[in-house]
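Visitor:
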Amino acid sequence: MSQLRVAAAAAGGLRRTGSRAALPARRRRKGASPRKAAPAPAPGPPSSRHLFSDPAETEALRRNLLAWYDTCKRDLPWRTRAATEPDADRRAYAVWVSEIMLQQTQVATVIDYYNRWMQKWPTLQALAQASLEEVNELWAGLGYYSRGKRLQEAARKVVSELAGRMPRTAEDLQQLLPGVGRYTAAAIASISYGQATGVVDGNVIRVLCRLRCIGADSSSPAVIDRLWDMANALVDRSRPGDFNQALMELGATVCVPKAPLCGECPVKQHCRARLRVEKELASASQKLLGKATPVPDVEDCGAGGCPLCPPAAEPWDSSLGVTNFPRKAAKKQARVARAATCVLERRGCRGAPQYLIVQRPSSGLLAGLWEFPSLPLAQDLQEEKQREALAEHLQAWIGQPVVAGDLQLIGEVIHIFSHIHQTYVVYSLSLDGDVTLDPASSPSRWVTEEEFHASAVSTAMKKVLKVCGKQQEKGSNPGQGSKRKRGAKAQGTGSTGPGTQLSLRAFLRPPTAP
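498 is the number that our numbering gives to position 510 of the sequence shown; each next residue is one higher, with no gaps.
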């Protein structure tokens, strides 16, 4: 928006505010209802500058994007299955598993999990027969653990209520399958069944916002709805699955959040954010030659109250280029939480260490996973009180008194969940003799280190065990890892040089006769 328009709007706002503030408040007649404020004007329709209104341009974009995808797409196992599996239900299941795993998780991380999953449960029927414990064990480390649980619940519903037949449209997939939202349903339907429906995920949002200079908050429901309309209008009718994957591939590999590869973009000629950058560069060149030309303000599309333009308070930043888009509201800060956790160790029948793990509740964060005995802590709780609370908590598990002073403080482990900044205060305790667990408590068991890693435990708990192991190594090898200055010689055990600090052993050794 031009400075003149901003100034005029601000002046108008000041005049209206000032005139009302200057008047004394009128007394309301007794019994009269308060006057309702006038409703805010509804935003106008978006300008055609933000849309794909030219059929020829839309067709050219489809053609260029698909040609690039056919040449440059990554070789991914779920794409191979979708392209080669003749059975529609198995094809849809394979796509479904990949889409659930890829939510909030990078492709490189997902590949191994996906291959192991499909090898263990190649069909809906196989997954439906698995236990939740098995699902959690395979999912461990992938994060967002409720995804695996919901995926299995939906598979069981397909088998028991839908005779093993997957719904065939995006609408039915979203309506009938728990845990399947609008995006996942559209992805399955377009890739597996060829339904001509668009998709909108984080990559697609970024690509569309840059292609059409959409500067309004891209996380707002109103803007998301507009982007869905745009995606549905753009999708190629003959190859909807490939087109949707191509659009997502473009966002994942070329039109990335930072440092996008605009020179390699197959649809750069349709990108209005890039056009803005090019015009700025041209204007700068003309200015050097003494021929300054104004640069059109692309975010001011000329439509008053346009719902897709950025707010006037957040104008185009030339230093950001195309990464001016998309724009999102400030993220909420993660909730801060602390917990005390204890690596409780005993010696097994063959002398190998065993660790006590307990199962979390079946709902809530990390539902059904296994962990070391833990309890939440108040933020300002002193260390002495932490020990006492943890000792009491452990006593409930093992059925015998635990002395708070016996708990060895190992350190802290920080783990970031999507909405929680979690700190684990880690303690360790070694037990002598056999320990009988309380059968009335939640499920618990003793496991070896190998069994621990094979169990359904979170990444945070693996961090806890790793930190504890490192601390034990330091305790058993106190001198390991120390560095000696170049040229220095090791001192003999019977003598020390001048200025050398005595070891505790040397200090306690009785003096030798001269």
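Positions of the beta carbon are idealized from the N, C-alpha and C atoms, including for glycine.
#1: I'd like to check one pair, residue 137 with residue 123: are the Cβ atoms closer than 8 Å?
#2: Say whether the region 39 to 50 touches the region 221 to 237, bearing in mind that this needs 3 or more beta-carbon pairs closer than 8 Å, one atom from each stretch.
#3: Give every residue of the same chain whose Cβ lies closer than 6 Å to the Cβ of residue 299, excluding the five residues on either side of it in the sequence, and list them in chain order.
#4: From what residue to what residue does the alpha helix (DSSP H) around residue 304 run?
#5: Using a Cβ-Cβ distance under 8 Å, would residue 339 count as near chain C?
#6: In terms of alpha-carbon separation, which member of 191, 235, 55 and 142 lies closest to residue 246?
#7: What number of angstroms, rounded off, separates the C-alpha of residue 349 from the C-alpha of residue 50?
#8: Could you tell me the distance, in whole angstroms, from the CA atom of residue 107 to the CA atom of residue 250?
#9: Output the distance between the C-alpha atoms of residue 404 and residue 91, rounded to the nearest integer angstrom.
#10: Considering only the beta carbon of each residue, do residue 61 and residue 205 sit closer than 8 Å?
#11: Using DSSP's beta-bridge definition, name the partner residues of residue 329.
#12: For the beta strand (DSSP E) that residue 396 lies in, which residues bound it at each end?
#13: Residue 479: buried (16+ other C-beta within 10 angstroms of its C-beta) or exposed?
#14: What do you get for residue 103, buried or exposed, if any count of 16 or more other CB atoms within 10 angstroms of its CB means buried?
#15: Kindly identify the DSSP beta-bridge partner or partners of residue 345.
#16: Would you mind working out which of 148, 144 and 171 sits nearest residue 157, comparing C-alpha positions?
#17: Evaluate residue 391 with the Cβ neighbour count: other Cβ atoms within 10 Å of its Cβ, from every protein chain shown; 16 or more gives buried, anything less gives exposed.
#18: Are residue 459 and residue 399 closer than 8 Å when you measure CB to CB?
#19: What residues in its chain sit with their C-beta under 6 Å from that of residue 39, if we drop five residues either side in the sequence?
#20: Hey, quick one: how far does the alpha helix (DSSP H) through residue 175 stretch, first residue to last?
#21: Quick one: Cα of residue 262 to Cα of residue 69, how far?
#22: Can you pull the DSSP bridge partners for residue 334?
#23: Mind the definition here: the region 126 to 133 touches the region 433 to 449 only if three or more C-beta pairs lie below 8 Å; say whether that holds.
#24: Grab me the residues of residue 85's own chain with a C-beta within less than 8 Å of its C-beta, minus the 5 sequence neighbours each way, in chain order.
#25: Where does the unbroken alpha helix (DSSP H) through residue 228 begin, and where does it stop?
#26: Using the Cβ count rule (16 or more neighbours within 10 Å means buried), how would you classify residue 418?
#27: What are the boundary residues of the alpha helix (DSSP H) that residue 60 is part of?
#28: Could you say which of 353, 440, 183 and 337 lies nearest to residue 422 if we only look at CA atoms?
#29: The alpha helix (DSSP H) that contains residue 105, what's its start and end?
#30: From 402, 322, 412 and 253, pick the residue whose C-alpha is nearest to that of residue 361; which is it?
#31: Can you tell me the Cα-Cα spacing of residue 217 and residue 211, whole angstroms?
#32: Locate the alpha helix (DSSP H) running through residue 160, then write down its first and last residues.
#33: Considering only the beta carbon of each residue, do residue 385 and residue 357 sit closer than 8 Å?
#34: For residue 343 and residue 359, what's the separation of their Cα atoms in angstroms?
#35: Is residue 228 near residue 178, with beta carbons less than 8 Å apart?
#36: Pick helix, strand or coil for residue 189, following the three-state DSSP scheme.
Guide: Checking against the coordinates, here is how it stands:
#1: yes
#2: yes
#3: none
#4: Unbroken run through residue 304: none, as it is neither H nor E.
#5: In the structure shown, chain C does not exist; there is a single protein chain.
#6: 191
#7: In a straight line, the C-alpha of residue 349 is about 49 Å away from that of residue 50.
#8: 39 Å
#9: Computed Cα separation, rounded: 17 Å.
#10: no
#11: 362 and 414
#12: 396 to 404
#13: Because residue 479 sits at a pLDDT of 40, beneath the cut-off of 50, its placement in the model cannot be relied upon, and the following sentence gives the value as read from the coordinates. Exposed: under 16 other Cβ atoms inside 10 Å.
#14: exposed
#15: 433
#16: 171
#17: exposed
#18: yes
#19: none
#20: 170 to 181
#21: 36 Å
#22: Its beta-bridge partners are 342.
#23: The region 126 to 133 and the region 433 to 449 touch, with no fewer than 3 CB-CB distances between them shorter than 8 Å.
#24: Here residue 85 has 66, 102, 105, 106 and 139 as same chain residues with Cβ atoms under 8 Å from its own Cβ, once five neighbours each way along the sequence are excluded.
#25: 228 to 241
#26: Around the beta-carbon of residue 418, fewer than 16 other beta-carbon atoms lie within 10 Å, marking it exposed.
#27: 43 to 60
#28: It is 337 whose Cα lies nearest to the Cα of residue 422.
#29: 95 to 108
#30: Across the set 402, 322, 412 and 253, the C-alpha of 412 shows the shortest separation from the C-alpha of residue 361.
#31: Going by C-alpha positions, residue 217 is about 10 Å away from residue 211.
#32: It spans 158 to 164 - the alpha helix (DSSP H) in which residue 160 sits, taken as one unbroken run.
#33: Contact annotation: residue 385 and residue 357 have beta-carbon atoms that are not nearer than 8 Å.
#34: Roughly 10 Å between the two C-alpha positions.
#35: yes
#36: coil
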